[in-house]
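Okay, so here's the structure we're looking at.
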Amino acid sequence: MLTFVVQPEQAGERVDRYVSAQSGTLSRSRVKGLIESGHLQCSAKQITEPAESVRAGMELVLHIPPATPAVPQGEAVPFEIFYEDDDLIVLNKPAGLVVHPAPGNETGTLVNGLIAHCGESLKGIGGERRPGIVHRLDKDTSGLMVAAKTEKAHLALSDDFAGRRIDRAYLAFCWGCPNPAEGDYEGDIGRDKRDRKRMTITTHGGKWALTHYRTLQAFEMGAALVTCKLATGRTHQIRVHFSANGHPLIGDPVYLRRVPAAAKLLTPEGRAAALDFPRQALHATRLGFTHPRTGEALLFEAPMPEDMQALGEALGMTPLKKAV
Numbered sequence: 078m079l080t081f082v083v084q085p086e087q088a089g090e091r092v093d094r095y096v097s098a099q100s101g102t103l104s105r106s107r108v109k110g111l112i113e114s115g116h117l118q119c120s121a122k123q124i125t126e127p128a129e130s131v132r133a134g135m136e137l138v139l140h141i142p143p144a145t146p147a148v149p150q151g152e153a154v155p156f157e158i159f160y161e162d163d164d165l166i167v168l169n170k171p172a173g174l175v176v177h178p179a180p181g182n183e184t185g186t187l188v189n190g191l192i193a194h195c196g197e198s199l200k201g202i203g204g205e206r207r208p209g210i211v212h213r214l215d216k217d218t219s220g221l222m223v224a225a226k227t228e229k230a231h232l233a234l235s236d237d238f239a240g241r242r243i244d245r246a247y248l249a250f251c252w253g254c255p256n257p258a259e260g261d262y263e264g265d266i267g268r269d270k271r272d273r274k275r276m277t278i279t280t281h282g283g284k285w286a287l288t289h290y291r292t293l294q295a296f297e298m299g300a301a302l303v304t305c306k307l308a309t310g311r312t313h314q315i316r317v318h319f320s321a322n323g324h325p326l327i328g329d330p331v332y333l334r335r336v337p338a339a340a341k342l343l344t345p346e347g348r349a350a351a352l353d354f355p356r357q358a359l360h361a362t363r364l365g366f367t368h369p370r371t372g373e374a375l376l377f378e379a380p381m382p383e384d385m386q387a388l389g390e391a392l393g394m395t396p397l398k399k400a401v
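Quick note on numbering: my numbering labels position 98 of the sequence shown as 175, and the sequence is numbered without any gaps.
Below, the structure is given as structure tokens:
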């Protein structure tokens, strides 16, 4: 139960916006739902209209019901945990794991695994006992993710992602060698009108996207290991930008439709490993952010997974000094 007394300078504000701001932990949409469900009172009278204006001296009491069980059920799903506390969890998602339940993938997802692992430590997001997913990785992309356990952490992390205050870096193997070896790929990304499963560079209706890349190692000019930093976070961003610039990611089932000419430049061992690689060779290797409660700067690095390591060795990769 939360109690607020409206000050004179706050008079005239929408009640849902006022309560959300005063709570510091509840989103406006969450407060709106609570108000419409009859959980806000003023002098024993229910307020059910989120747009109602507050008046100076009003004493508002918001009753927050316990979080209900999550609709997805908890399941034992394996993933490596890098950090965990009462507010959030940082994990290393394996390739092949879907993040969120959806038609065709209702069970066995990362969300199912987080619900089972976190249990009662999940305080509820939007009134439901579930993890707050603030960013996603494609099913066949491996690497670091952070999920929130509380509404406050979810709001803060979501705001930081939207404000581009998150440090994210990826490792990828691409066909050919980018020229120049370091630079930016830029272009608005939107849904491909001819294939709804694909994204594409578009001049109408897309969202601006910027990817910084740097070549770490080149292999016979037929392939390269690159590191990418995202200035934005669009769907399939790295995959689309590299494909559009003539360097699709090795193994990409969506943006690589034919055997690239660059394959001829690789050694027989490297060419066989690259052509047989079963997923996009993309790994979220670094994740840095400010802890939403303590203000501490956190930075995590996950080394290249075994399948990408084996691909690199076949291509002739020399040991990396660090993840990026």
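Even glycine gets a Cβ: it sits at the ideal position worked out from N, Cα and C. Model, not experiment: these values are computed from the prediction.
Distance check for Thr288 and Arg363, CA to CA, integer angstroms please.
Taking the first residue of the sequence shown as position 1, residue 363 is located at position 286. Taking the first residue of the sequence shown as position 1, residue 288 is located at position 211. Between the alpha carbons of Arg363 and Thr288 lies a gap of roughly 15 Å.
How far does the beta strand (DSSP E) with Phe319 in it reach, from first residue to last?
Position 242 of the sequence shown, counted from the first residue, corresponds to residue 319. Where Phe319 is concerned, there is no enclosing beta strand (DSSP E), although the alpha helix (DSSP H) it sits in stretches over 314–321.
Name the residue from Gly101, Leu168, Val138, Asn182 whose alpha carbon lies nearest to the alpha carbon of Ala379.
For the purposes of this step, residue 379 is taken as residue 302 along the sequence shown, with counting starting at 1. If we check each option's Cα against that of Ala379, Leu168 comes out closest.
Measure the Cβ-Cβ separation of Leu117 and Leu137 and say whether it is below 8 Å.
Here residue 117 corresponds to residue number 40 of the sequence shown, with the count starting at 1. Here residue 137 corresponds to residue number 60 of the sequence shown, with the count starting at 1. Yes, the Cβ-Cβ distance between Leu117 and Leu137 is below 8 Å.
Looking only at DSSP bridge pairs, what is Ile166 linked to?
Taking the sequence shown and counting its residues from 1, one reaches residue 166 at position 89. Answer is Glu161, Ala224.
Closest to Phe354 by C-alpha separation, out of Leu293, Gly267, Gly328, Ser114, would be which residue?
Position 277 of the sequence shown, counting from 1, holds the residue named residue 354. If we check each option's Cα against that of Phe354, Gly328 comes out closest.
Tell me the DSSP secondary structure of Asn182 in three-state form.
In the sequence shown, the residue the question calls residue 182 occupies position 105. Three-state DSSP puts Asn182 in a strand.
Does the Cβ of Arg241 have 16 or more other Cβ atoms within 10 Å, making it buried, or fewer, making it exposed?
As a position in the sequence shown, residue 241 is number 164, starting the count at 1. Looking at its Cβ environment, which holds fewer than 16 other Cβ atoms inside 10 Å, Arg241 is exposed.
Can you tell me whether DSSP reads Glu263 as helix, strand or coil?
Sequence index remark: in the sequence shown, residue 263 carries index 186 (1-based). It is a strand residue.
Runs of alpha helix (DSSP H) lying entirely within the stretch 267–348, each at least 4 residues, in chain order:
The qualifying runs are 314–321.
Sequence-distant residues of its chain with Cβ nearer than 6 Å to Arg91 (five each side left out):
Position 14 of the sequence shown holds residue 91. Here the set comprises Ala128.
Looking at the structure shown, is His194 part of a helix, part of a strand, or coil, going by DSSP?
If you number the sequence shown from 1, residue 194 lands on position 117. Three-state result, His194: helix.
Distance between beta carbons of Val223 and Met276, contact taken as under 8 Å:
For this step, residue 276 is matched to residue 199 along the sequence shown. For this step, residue 223 is matched to residue 146 along the sequence shown. That pair is no contact at about 23 Å.
Within 8 Å, strictly: CB atoms of Lys216 and Val175
Residue 216 sits at position 139 when you count from the first residue of the sequence shown. Residue 175 sits at position 98 when you count from the first residue of the sequence shown. Result yes, Cβ atoms of Lys216 and Val175 sit closer than 8 Å.
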